[in-house]
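J.: In numbering that gives the first Met the number 0, the protein residues as written are 0 to 362.
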Amino acid sequence: MPDLIKDVEVFAVRRRLETPMFDANLKMEWTGNTVVRLITESGLEGWGMADGSPIAEFILRRFREAVIGSDPLANEEIWSRMFQLIRPSGRKGVALIAMSAIDIAVWDLRGKLLGLPVYRLLGGADRLIPVYASVGFLSMPEDEVVEKSLEYVREGIKTLKIKIGYDNGRNIAADVRRVKKVRDAVGRGIEIIVDANGVYDAATAVRFAKAAADMDISLFEEPTHADDIAGLRRIRDTGLIPVASGENEYTKYGCRDMVIAEAVDVLQFDITRVGGVTEMMKAAAIAQAWNVKLAPHFYPQFSAHILSAAPNGLYLEVFPENLSKPIITNQPPIAGGFYEIPEAPGMGLEFDSEYVSAFKFSL
Ligand SMILES: [Mg+2]
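(1) Indicate whether the contact test is met: 3 or more Cβ pairs, each with one atom in the stretch 218-237 and one in the stretch 257-274, closer than 8 Å.
(2) Can you have a look at E196 and say buried or exposed, based on whether 16 or more other CB atoms are within 10 angstroms of its CB?
(3) Exposed or buried, what is G45 when buried is set at 16 or more other beta-carbons lying within 10 Å of its beta-carbon?
(4) Within the chosen definition, does the stretch 84-95 reach the stretch 242-259 through at least 3 CB pairs nearer than 8 Å?
(5) Is there at least one non-hydrogen atom of ligand 1 closer than 6 Å to the beta-carbon of E248?
(6) Please report the distance separating the alpha-carbon of E141 from that of K26.
(7) Put P19 into one of helix, strand or coil per three-state DSSP.
(8) For D70, which residues of its own chain have a beta-carbon under 7 Å away from its beta-carbon, when the five flanking residues on both sides are left out?
(9) May I ask you to verify whether the stretch 202-217 touches the stretch 174-187, counting CB pairs closer than 8 Å and requiring at least 3?
(10) What does a CB cutoff of less than 7 Å around V355 pick up in its chain, not counting 5 residues either side in sequence?
(11) Compute every distance between the C-beta of D194 and the non-hydrogen atoms of ligand 1, then say whether any falls below 6 Å.
(12) With respect to 6 Å, is the separation between the Cβ of E150 and the closest non-hydrogen atom of ligand 1 below this value?
(13) With DSSP run on the structure shown, which of helix, strand or coil describes N247?
(14) Closer than 6 Å to a non-hydrogen atom of ligand 1 - does that hold for the CB of E342?
(15) When you measure from the CB of E220 to every non-hydrogen atom of ligand 1, does any distance come out below 6 Å?
(16) Using DSSP with H/G/I as helix, E/B as strand and the rest coil, what is S148?
(17) Using the three-state DSSP reduction, which class does F350 fall into: helix, strand or coil?
(18) Quick check: the stretch 96-107 against the stretch 46-63, are at least 3 beta-carbon pairs closer than 8 Å?
(19) Between W78, K281 and R109, which has its C-alpha nearest L43's C-alpha?
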């Protein structure tokens, strides 16, 4: 007898940041995570999470009824039903973020029902997943970026990501200076990724790549806007720095368009946006067919399972500011440059139901 989903609960967790942060195009004073709890008839709980509170209402209004009564083992069926519901109203953005949070909770339940961690259900073997560290937003002063970078290197991190895009992408000299300071401090043995958060146009991105040619940058993340696929291709064709994008793209269809256009060397889909575990594995397979690597954006607690299983998985992103800390009480350890996937069934995470209950969302 299948253990059907009998309830969907949503918690719109929102906190003011102690220190506001900004990157090239976004200012953050608050952090928000919408947490989803699926409860089965036998009382099992599946937890999922994604960014932003607008999805809380979307989940309850659009998906709740469609999910109740479903068998969590039938993740493909649940996914297709949800996608069908949003066909006219939004195949990207909020709708897909809401779907992703539910799909992640469905996979947490699948693991708990079958007594296995998600990475094993997906066919993965490794529990230790290599990470790179995102060293602070653009709001972090250069000296602090250097200090933090050295700290990470001492902890065994082999790859660092540095934000660029000062003055809305109009200050290449400052961008080059920021990266050079880190390169000079950490030496040549450490990989450096730069992330422009999409604020350059293609021509400016190429100028940056030329100006930074002696810094051995291994990846250029979102040099242009997420929708500027032709621009990404132009930058990639110069052969100056390998190109990465995808954190603001959605579904297998978005993945298909990027790889067919030969726009990226590394795909950076976000499991909480692309459509959850179900869709991320499909995107990974499409990318693999084009020999494109996968380096998921953010949410390492969920993406680690994908990287264990995807043959083209590269590394996981971790932040100094772990924004999920009060929500997930057993934060998996990161040591020697590796993230360790918990052995417990499902995602292996413990959500703090008491903490999130203060943020319970209802219509
Ligand atoms: Mg980014």
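The beta-carbon is built from N, C-alpha and C at its ideal position, and this holds for glycine as well.
Please read these numbers as outputs of a predicted model, since none were measured by experiment.
T.: On the basis of the data shown:
(1) yes
(2) As a position in the sequence shown, residue 196 is number 197, starting the count at 1. It should be pointed out that residue 196 corresponds to Asn in this sequence rather than to Glu. Buried is the call here.
(3) Along the sequence shown, read from residue 1 onward, the residue named residue 45 stands at position 46. G45 is buried by the Cβ-count criterion.
(4) yes
(5) The residue given as residue 248 occupies position 249 in the sequence shown. For ligand 1, not one heavy atom lies less than 6 Å from the Cβ of E248.
(6) For the purposes of this step, residue 141 is identified with residue 142 of the sequence shown, where counting begins at 1. For the purposes of this step, residue 26 is identified with residue 27 of the sequence shown, where counting begins at 1. The straight-line gap from Cα to Cα measures roughly 18 Å.
(7) Within the sequence shown, residue 19 is the residue found at index 20, counting from 1. It is a strand residue.
(8) As a working note, residue 70 is residue 71 in the sequence shown. The residues are P1 and L3.
(9) Enough Cβ pairs lie closer than 8 Å, so yes.
(10) Indexing the sequence shown from 1 puts residue 355 at position 356. Here the set comprises F10, V12, V34 and I326.
(11) To locate residue 194, count along the sequence shown from 1; it is residue 195. Flag set: Cβ of D194 near ligand 1.
(12) Your numbering for residue 150 matches position 151 in the sequence shown. Because no heavy atom of ligand 1 lies under 6 Å away, the Cβ of E150 does not count as near it: no.
(13) Residue mapping note: residue 247 aligns to position 248 of the sequence shown, counting from 1. In the structure shown, N247 sits in coil (DSSP, three-state: anything other than H, G, I, E or B).
(14) As a first step, residue 342 must be located in the sequence shown, where it is residue number 343. Result no, Cβ not under 6 Å from ligand 1.
(15) Reading the sequence shown from its first residue, position 221 is the one you call residue 220. At least one heavy atom of ligand 1 is nearer than 6 Å to the Cβ of E220, so yes.
(16) Reading the sequence shown from its first residue, position 149 is the one you call residue 148. Here S148 sits in helix by DSSP.
(17) For the purposes of this step, residue 350 is identified with residue 351 of the sequence shown, where counting begins at 1. Here F350 sits in strand by DSSP.
(18) As far as the Cβ criterion goes, the stretch 46-63 touches the stretch 96-107, which means the pair count is three or higher.
(19) Indexing the sequence shown from 1 puts residue 43 at position 44. Residue R109 is the option with its Cα nearest to L43.
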